[in-house]
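A short worksheet on the structure shown next.
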Amino acid sequence: MKLNITLPKFLRIGTLPLVLIALMGIAFVVAIWRYAFGIGDISDLSYSYPWGFWISFDLFTGVVISSGGFLMAGTVYILRIKEFEPLLRPSVLTAFLGYIMVAVALLVDLGQPLRIWYMMIHWNHTSVLLEIGICVMTYLTVLAIEFAPVVLESFPKLHKIAHLIHKFIMPFVILGVVLSTLHQSSLGSLLLIQPQKLHPLWWTPILPVMFFTSAISVGLSMIILESSLSSRYFQRGLETHLLAKLAKALPITLGVYLLLKFGELAVSGDLGYLFTSGVMSVLFWAEIFIGVLFPMVWFSIKKNRTTPSGLLTGAVITLLGLILNRFNVSWFGVKHPDPLYYLPTFMGNVDYFPTFPEVAVSIGIFSAGIMAFGLIAKYFPVFEAEHETEEEHAHGLQAVPVPGDD
Amino acid sequence: MTEIKHHAYLFDATRCIDCRACMVACSVENNIEMDKTRIWVAGLGVTGKYPDLQRGTMVYHCMHCEHPDCMSACPVGAYTKAEDGPVTYNPDLCIGCRYCMNACPFGVPHFDYDKGLVEGAFIDKCTFCPQRIYNGQEPACVETCPTDALEYGERDELIKRAHERIAAHPDRYINHVYGEHENGGTSYLILSHVPFKDLGLPELPEEPINEVSETVMEMTIPFALSWGAVLTAVTVGVAAYDKKKNGNAAEKKAEESK
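Going down the list, the sequences are from chains P and X. Taking the numbering used here, the leading residue of the first sequence gets 1, the next gets one more, and so forth. Taking the numbering used here, the leading residue of the second sequence gets 407, the next gets one more, and so forth.
See below:
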């Protein structure tokens, strides 16, 4: 039997948006709970594990998957490779939303979320976290400026402002690239202060360099992923020829990263750990195989670069592997000192495993990001640059499903 | 009482009887719940095989490092290292990021995981009892210790005393004063009859741990400026090249159309 219910138009919002809204709702409830009763009430964080899933996923992963923004801005504005322009706006939007997600997640994670702005006035110059905080706050502003014309263009009265921003965009682009370079690498520097706690397979004085190098590969993969997904969801054309060029660059960027990784291990004499550290060795090889070696081979094959499914598969696998790296560095590879084993039980908990509410917060924030991307892409000309050249423009626009009509 | 230039503790593991009076004294003195004590006593139990038995106890609290990693890590500068030894924490600046807990090699700073937004979740750690030491008294934990396992005084003198004690009883002690050089030196010195590792103390280099990250941080501004300059140069260069190329193309076009 088939039910035949007709909903009023404003209620027809599709399955994906509904799921996203539900996930956001769960996260919201958990966050309220956390603000009322404390972080310990909903998470497994402890004296021994002050940083857990939130930092690994929301901060480390959230920042690195937003690196497409500065890559495209640099390519289009600084290197003036104009053919990549269709990818610029979606990348900048992804970055903008990504950083907002990072900021929102930190508001849940911080003990004093209302004091987050203290970072702007109380500076401790030796703190890596301060640098990241300042960079992220400033870069968020830069991204807002870079993306503003897209919104402003939709309102004829505001065209002048959009034009003005466009005229003076260059200093902001350069500032954005510098800030991104700084904080993408500084995320690695965050771990420099715990050589005793981080496994030697990952701890190295050149962690910042590693982080920046891998961030470039993540950014490229992320652009491929986000273009592929949005082309499927919005049923618009895919810029396969452009993505193929990005995919061609991936084996090179990943190759540099691979050389750095093993070169560093060889120089510091830590190569032995590759096979002797049990789970740590497995995690290290998993990250290398999934995130570096496999994509290098995959994207060296022309067929994989030129077909939408090949591009998507390769990008997803690269991302999984490189995100595993961020988890390894910030969580799996971190062993807090054993003195804690003898602590009274209330301080204990040497083994950390994220709780359901903890993960729910992150998923909810992520859902909000996807939702926001969908809504903005629907109502503002994010993909416009490409529409102009495509004949099915009119057709494609009509076929857009409604990601959350309100 | 003579004025102390560099306050420090000396803990002698052989003297500790695991009575935990210091934990009570600390809680009472600083008016904090026992659950959140700033000093904790770890009984390691009896180890070894009969008749070679040993028992060990470790009293653990903030090491008051000479180059504190918590202070180096804190983004808002909530930590200060006083000239005369104590490392103190200022809750008025703390944003609750818990980076200090990650940075501390000894796992000292504690966090109010049970406090919500209204009460405010802060870090807690040993303050070195400033209300006592600056009035000529010993810290609460030291004063209450019945066996003098915990002692307090001038750092240099305590180091001297520790070495004298080792020299007097070489069979009783391991010939090392933990904290004399570890992590660039600490103001909580430890004497032990069992390996320091068994007491749960990390093996640390003599150079301060935070040297690497602080060096990287010093390079940040120069790097940012030069990277910005390079990018600007590239921008100008590419723009000029583009203009020239387009100009040539336009000229050619014009010539062709003639």
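Positions of the beta carbon are idealized from the N, C-alpha and C atoms, including for glycine. It should be emphasised that the depicted structure is a prediction, and the values quoted were computed from it without experimental measurement.
Task: Three-pair Cβ contact test at 8 Å for the segment 293–304 of chain P versus the segment 156–165 of chain P - done: no
Task: Glu-544/X versus Asn-124/P - alpha carbon distance - done: By 1-based counting over the second sequence, the position of residue 544/X is 138. By 1-based counting over the first sequence, the position of residue 124/P is 124. When rounded, the distance between both Cα atoms is 32 Å.
TODO: Below 8 Å on the Cβ atoms is my guess for Cys-428/X versus Cys-535/X; work out the distance and round it to an integer in Å.
DONE: If you number the second sequence from 1, residue 428/X lands on position 22. If you number the second sequence from 1, residue 535/X lands on position 129. With 8 Å as the limit, Cys-428/X and Cys-535/X do not qualify as a contact, their Cβ atoms being about 12 Å apart.
- [ ] Would you verify that the beta carbon of Glu-657/X is, or is not, closer than 9 Å to some beta carbon of chain P?
- [x] The residue you call residue 657/X lines up with position 251 of the second sequence. No, Glu-657/X lies away from the interface with chain P (no Cβ there is under 9 Å from its Cβ).
Open item on the list: Here's the rule I'm using: 16 or more other beta-carbon atoms within 10 Å means buried, otherwise exposed. How should Arg-232/P be labelled?
Closed with: Here residue 232/P refers to the residue found at position 232 when the first sequence is read from its first residue. With fewer than 16 other Cβ atoms within 10 Å, it is exposed.
Open item on the list: Tell me the DSSP secondary structure of Phe-410/P in three-state form.
Closed with: With chain P represented from 1 up to 406, any question about residue 410/P goes unanswered, as that position is not in the structure.
- [ ] Using a Cβ cut-off of 9 Å, pull out every chain P residue sitting near Lys-521/X, in sequence order please.
- [x] For the purposes of this step, residue 521/X is taken as the residue at position 115 of the second sequence. Those within 9 Å of Lys-521/X in chain P are Phe-37, Gly-38, Ile-39, Gly-40, Gly-111.
- [ ] Drop a sphere of 10 angstroms on the beta-carbon of Ala-574/X, count the other beta-carbons inside from all chains shown, and report buried for 16 or more, exposed for fewer.
- [x] Reading the second sequence from its first residue, position 168 is the one you call residue 574/X. Looking at its Cβ environment, which holds fewer than 16 other Cβ atoms inside 10 Å, Ala-574/X is exposed.
Task: Status (buried if at least 16 other CB within 10 Å, exposed otherwise) for Phe-417/X - done: If you number the second sequence from 1, residue 417/X lands on position 11. Result: buried.
Task: Unbroken alpha helix (DSSP H) run spanning Arg-571/X, endpoints - done: Along the second sequence, one-based indexing puts residue 571/X at 165. It spans 561–574 - the alpha helix (DSSP H) in which Arg-571/X sits, taken as one unbroken run.
Task: Cβ-Cβ separation, Gly-52/P to Asp-41/P (assumed contact under 8 Å), whole Å - done: Against the first sequence, residue 41/P aligns to sequence position 41. Against the first sequence, residue 52/P aligns to sequence position 52. Contact flag wrong, Cβ pair sits at about 14 Å.
TODO: Report yes or no: is there a C-beta of chain P within less than 9 Å of the C-beta of Thr-641/X?
DONE: For this step, residue 641/X is matched to residue 235 along the second sequence. Closer than 9 Å: yes.
Open item on the list: If we define contact as Cβ-Cβ less than 9 Å, is Met-469/X a contact residue for chain P?
Closed with: Numbered from its first residue, the second sequence carries residue 469/X at position 63. False, the Cβ-Cβ gap to chain P never drops below 9 Å.
TODO: Show which residues of chain P have a CB atom less than 9 Å away from the CB atom of Tyr-505/X.
DONE: Locating residue 505/X in the second sequence gives position 99, where the first residue counts as 1. Within chain P, the residues near Tyr-505/X are Pro-50, Trp-51, Ser-127, Val-128, Leu-129, Leu-190, Ile-193.
Task: Range of the contiguous alpha helix (DSSP H) that encloses Lys-455/X - done: Start at 1 with the first residue of the second sequence, and residue 455/X comes out as number 49. Element bounds for Lys-455/X: not the alpha helix (DSSP H) but the beta strand (DSSP E), 445–455.
Open item on the list: Using DSSP's beta-bridge definition, name the partner residues of Ala-414/X.
Closed with: Numbered from its first residue, the second sequence carries residue 414/X at position 8. Note: Ala-414/X sits in a beta bridge opposite Gly-559/X.
Task: Where the beta strand (DSSP E) containing Leu-597/X begins and where it ends - done: As a working note, residue 597/X is residue 191 in the second sequence. Counting along the chain, the beta strand (DSSP E) containing Leu-597/X begins and ends at 594–597.
Task: is_contact[Ala-574/X, chain P] using C-beta, thresh 9 Å - done: Within the second sequence, the letter at position 168 stands for residue 574/X. By this cut-off, Ala-574/X is not an interface position.
TODO: Let me know the secondary structure DSSP gives Gly-462/X once reduced to three states.
DONE: As a working note, residue 462/X is residue 56 in the second sequence. Gly-462/X: strand per DSSP, three-state reduction.
TODO: Run the CB neighbour count on Arg-80/P, radius 10 Å, all protein chains shown included, and call it buried at 16 or more, exposed below.
DONE: Within the first sequence, residue 80/P is the residue found at index 80, counting from 1. Its Cβ having fewer than 16 others within 10 Å, Arg-80/P is exposed.
Open item on the list: List, in chain order, every chain X residue whose beta-carbon is nearer than 9 Å to that of Trp-123/P.
Closed with: Here residue 123/P corresponds to residue number 123 of the first sequence, with the count starting at 1. Within chain X, the residues near Trp-123/P are Pro-481, Val-482, Gly-483.
Open item on the list: On the DSSP letters alone, give me the boundaries of the alpha helix (DSSP H) that Val-102/P sits inside.
Closed with: Residue numbering aside, residue 102/P sits at position 102 when the first sequence is read from its first letter. 85–109 is the span of the alpha helix (DSSP H), which, as asked, contains Val-102/P.
Open item on the list: Under 9 Å, Cβ to Cβ, is there at least one residue of chain X near Pro-149/P?
Closed with: Your numbering for residue 149/P matches position 149 in the first sequence. For Pro-149/P, the answer is no, since every Cβ of chain X falls outside 9 Å of its Cβ.
- [ ] Alpha carbon to alpha carbon, how far is Met-72/P from Ala-144/P? Give it in angstroms, no decimals.
- [x] In the first sequence, the residue the question calls residue 144/P occupies position 144. In the first sequence, the residue the question calls residue 72/P occupies position 72. Distance between the alpha carbons of Ala-144/P and Met-72/P is about 15 Å.
TODO: Kindly indicate which residue of Gly-62/P, Ile-39/P, Leu-129/P has the alpha-carbon position closest to the one of Gln-112/P.
DONE: Numbered from its first residue, the first sequence carries residue 112/P at position 112. The shortest Cα separation from Gln-112/P among Gly-62/P, Ile-39/P, Leu-129/P belongs to Ile-39/P.
Open item on the list: Going by C-alpha to C-alpha distance, which of Val-493/X, Pro-474/X, Arg-578/X, Thr-533/X sits closest to Pro-511/X?
Closed with: Position 105 of the second sequence, counted from the start, is the residue given in the question as residue 511/X. The shortest C-alpha separation from Pro-511/X is found at Pro-474/X.
- [ ] Below 8 Å on the Cβ atoms is my guess for Leu-607/X versus Tyr-584/X; work out the distance and round it to an integer in Å.
- [x] To locate residue 607/X, count along the second sequence from 1; it is residue 201. To locate residue 584/X, count along the second sequence from 1; it is residue 178. With a Cβ gap of about 6 Å, Leu-607/X and Tyr-584/X count as contacting.
TODO: Round the Cβ separation of Tyr-273/P and Leu-201/P to the nearest angstrom and send it over; I've been treating them as touching at under 8 Å.
DONE: Locating residue 273/P in the first sequence gives position 273, where the first residue counts as 1. Locating residue 201/P in the first sequence gives position 201, where the first residue counts as 1. Right, their Cβ atoms sit about 5 Å apart.
- [ ] List the endpoints of the continuous alpha helix (DSSP H) containing Val-382/P.
- [x] Translated into the one-based positions of the first sequence, residue 382/P becomes position 382. Element bounds for Val-382/P: n/a, residue is neither H nor E.
- [ ] Could you list which residues in chain P have their beta carbon closer than 8 Å to that of Asp-475/X, in chain order?
- [x] Counted from its first residue, the second sequence places residue 475/X at position 69. Going along chain P in sequence order, the residues near Asp-475/X (Cβ under 8 Å) are Ile-193.
- [ ] Please determine, among Gly-513/X, Leu-605/X, Lys-603/X, the residue with the shortest C-alpha to C-alpha distance to His-336/P.
- [x] As a working mapping, residue 336/P is identified with position 336 in the first sequence. Of the candidates Gly-513/X, Leu-605/X, Lys-603/X, the one whose C-alpha sits nearest the C-alpha of His-336/P is Gly-513/X.
Task: Beta carbon proximity, Val-493/X to chain P, threshold 9 Å - done: Here residue 493/X refers to the residue found at position 87 of the second sequence. No, its Cβ sits nowhere closer than 9 Å to a Cβ of chain P.
Open item on the list: Can you pull out the residues from the segment 162–186 of chain P whose beta carbon lies closer than 7 Å to at least one beta carbon of chain X?
Closed with: Met-170, Ile-174, Val-177, Val-178, Thr-181, Leu-182
Task: Counted within 10 angstroms of its Cβ, other Cβ atoms place Met-507/X as buried (16 or more) or exposed - done: The count along the second sequence starts at 1 and reaches residue 507/X at position 101. Answer is buried; the Cβ neighbour count reaches 16.
- [ ] Return the CA-CA distance between Phe-380/P and Lys-487/X, expressed in angstroms with no decimal places.
- [x] Sequence index remark: in the first sequence, residue 380/P carries index 380 (1-based). Sequence index remark: in the second sequence, residue 487/X carries index 81 (1-based). Their Cα atoms are separated by approximately 53 Å.
Open item on the list: Below 8 Å on C-beta distance, what does Ile-365/P contact in chain X?
Closed with: Against the first sequence, residue 365/P aligns to sequence position 365. In chain order: nothing, as chain X lies at least about 18 Å away.
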